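Sequential numbering of the sequence shown, starting at 1, is according to the UniProt record's numbering.
Positions of the beta carbon are idealized from the N, C-alpha and C atoms, including for glycine.
Computed from a predicted model, the values in this text were never measured in an experiment.
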Amino acid sequence: MLLTSSSLVDGGLRKVLCGTMKYDVSTQICCHNRLYDRKSPNDACCGWTPFNPTTHICCFNNVLDRKRDPFCVEFFHP
1 MLLTSSSLVD GGLRKVLCGT MKYDVSTQIC CHNRLYDRKS PNDACCGWTP FNPTTHICCF
61 NNVLDRKRDP FCVEFFHP
């Protein structure tokens, strides 16, 4: 998971930025400087895509259903 948001203190108030845009972390998530509406308070980033780690896993920047694909395995073919 790559976190791309940053925090600034301005006049004693904490302002969270996604790239150059201010946003509310309780309603939005920042993935690679792009804002998305949160579907769950647990949302995280998988590459460019927000996902819920309670129901899904992030496997090499692909979001997989935790029930169907409980493990993240990368196969190398010679």
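Residue pairing for Y36: DSSP places it in a beta bridge opposite I29. Burial is judged here by how many other beta carbons sit within 10 angstroms of a residue's own beta carbon; F51 has at least 16 and is buried.
In the DSSP annotation of this structure, the continuous segment of the beta strand (DSSP E) that includes P50 starts and ends at 49-51. Counting along the chain, no beta strand (DSSP E) covers C72, and no H or E run does either.
Secondary structure of K67 (DSSP, three-state): coil.
Between the C-alpha atoms of N62 and W48 there is a straight-line separation of about 9 angstroms.
Under DSSP, no beta-bridge partner is assigned to N61.
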